[in-house]
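Residue numbers (my numbering): 1 to 198. Quick notes on the structure that follows.
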Amino acid sequence: MADTNISTEAHDEQYYAEEKKMLAGEMYFGMDPYLTLLREQGRHKAANLALSRDNPEAFNKAIKELLGTVADDKAIIESPVYFDYGCNTHVGERFYMNTMCVILDCARVDIGDDVLFGPGVHIYTAEHPTDPKKRLEGLESARPVKIGNNVWVGGNAVILPGVTIGNNVTVGAGSVVTKDVPDNVVVVGNPAKVVKQV
Numbered sequence: 001m002a003d004t005n006i007s008t009e010a011h012d013e014q015y016y017a018e019e020k021k022m023l024a025g026e027m028y029f030g031m032d033p034y035l036t037l038l039r040e041q042g043r044h045k046a047a048n049l050a051l052s053r054d055n056p057e058a059f060n061k062a063i064k065e066l067l068g069t070v071a072d073d074k075a076i077i078e079s080p081v082y083f084d085y086g087c088n089t090h091v092g093e094r095f096y097m098n099t100m101c102v103i104l105d106c107a108r109v110d111i112g113d114d115v116l117f118g119p120g121v122h123i124y125t126a127e128h129p130t131d132p133k134k135r136l137e138g139l140e141s142a143r144p145v146k147i148g149n150n151v152w153v154g155g156n157a158v159i160l161p162g163v164t165i166g167n168n169v170t171v172g173a174g175s176v177v178t179k180d181v182p183d184n185v186v187v188v189g190n191p192a193k194v195v196k197q198v
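Shown next as structure tokens:
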């Protein structure tokens, strides 16, 4: 009997192993069956947003089922939208996301209070190896992204893995944010650079 329990625990541990590696920032196999299942669930939950948009109670419930945590009942996510998982994204109060946004939340994404996303904002936590052999093996890794309070991210801006954006920041439309951004600035361009203190 004891051997059976040990075997079951070992199986369970192995089943979740790639997710644990992913969230720990280690190299992991992206096509792992459990991760594939989680992504499928995320797609279904994101699709449910559009179906419930005209019913405030159902819409609020759909957002909370999609995301890891939501700080209040005032979050708005306009469809269509894409999340790799959804459950690894955490948003603060009064979050607004316009249409056509993408969050590849293989690592944790933390978004503060009073954050606005224009249409087509992309957040990438996923990274693929530059070593072509490792890339062919399906190995990848992820680094978390953090966005502070009172941040406006303009349309079609891209935020790359590992970036932290401070409080009271504006990211200009079409910018590519490749490194951390301090508080109280406007950044624009590719790569995004500080153009104004606020």
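Glycine is no exception: its CB is placed at the ideal position from the N, C-alpha and C atoms. The structure presented is a predicted model; accordingly, all values stated were derived computationally and were not measured.
Legend entry - Helix, strand or coil at Thr4 [DSSP, three-state]: With a pLDDT of 35 at Thr4, under the threshold of 50, the predicted position of this residue should be treated as unreliable, though the coordinate-derived value follows. Residue state, collapsed to three classes: helix.
Inset, instruction - Spatial neighbours of Asp72 within its chain, please: CB distance less than 6 Å, with the 5 preceding and 5 following residues excluded, ordered by chain position. - result: Glu93
Legend entry - Segment contact flag, the segment 104-123 with the segment 19-35, C-beta cutoff 8 Å, min 3 pairs: A contact is defined here as three or more CB-CB pairs under 8 Å, and the segment 104-123 meets this definition with respect to the segment 19-35.
Inset, instruction - Look at the alpha carbon of Asn5 and the alpha carbon of Leu38, and state the distance between them as a whole number of angstroms. - result: Legend: pLDDT at Asn5 = 39, less than 50; position of this residue unreliable, no value from coordinates given.
Legend entry - Own chain, CB closer than 6 Å to Gly201, minus 5 neighbours either side, in chain order: This structure gives no information on residue 201, because the portion of the chain shown stretches from 1 to 198.
Legend entry - Beta-carbon spacing of Asn150, Asp180 below 7 Å: In this structure, the beta-carbon distance from Asn150 to Asp180 does not fall below 7 Å.
Legend entry - CA-to-CA distance, Lys74 to Pro56, given in whole angstroms: 10 Å
Inset, instruction - Could you name the residues of the same chain whose beta carbon sits closer than 6 Å to that of Val188, not counting the 5 residues immediately before and after it, in chain order? - result: Gly172, Ser175 and Val195
Legend entry - Contacts around Thr170, its chain only, beta-carbon distance under 6 Å, and the 5 residues preceding and following it disregarded: Trp152 and Val186
Inset, instruction - Pull up the CB-CB distance for Gly123 and Met97, whole angstroms please, since I reckon it's below 8 Å. - result: With the sequence shown as reference, residue 123 is identified as Ile, and Gly is not the correct amino acid for it. Between Met97 and Ile123 the Cβ distance is about 10 Å, and since that is not below 8 Å, they are no contact.
Legend entry - For Ala46 and Leu66, the rounded distance between their alpha carbons: 6 Å
Legend entry - Per-residue DSSP class, three states only, for Thr36: helix
Legend entry - Proximity below 7 Å, CB of Ile111 to CB of Ile147: yes
Inset, instruction - Please confirm whether Val163 and Val145 have their CB atoms less than 7 Å apart. - result: yes
Legend entry - Minimum C-alpha distance to Leu49 - residue among Phe59, Arg43, Ile165 and Gln41: Minimum Cα distance to Leu49 is reached at Phe59.
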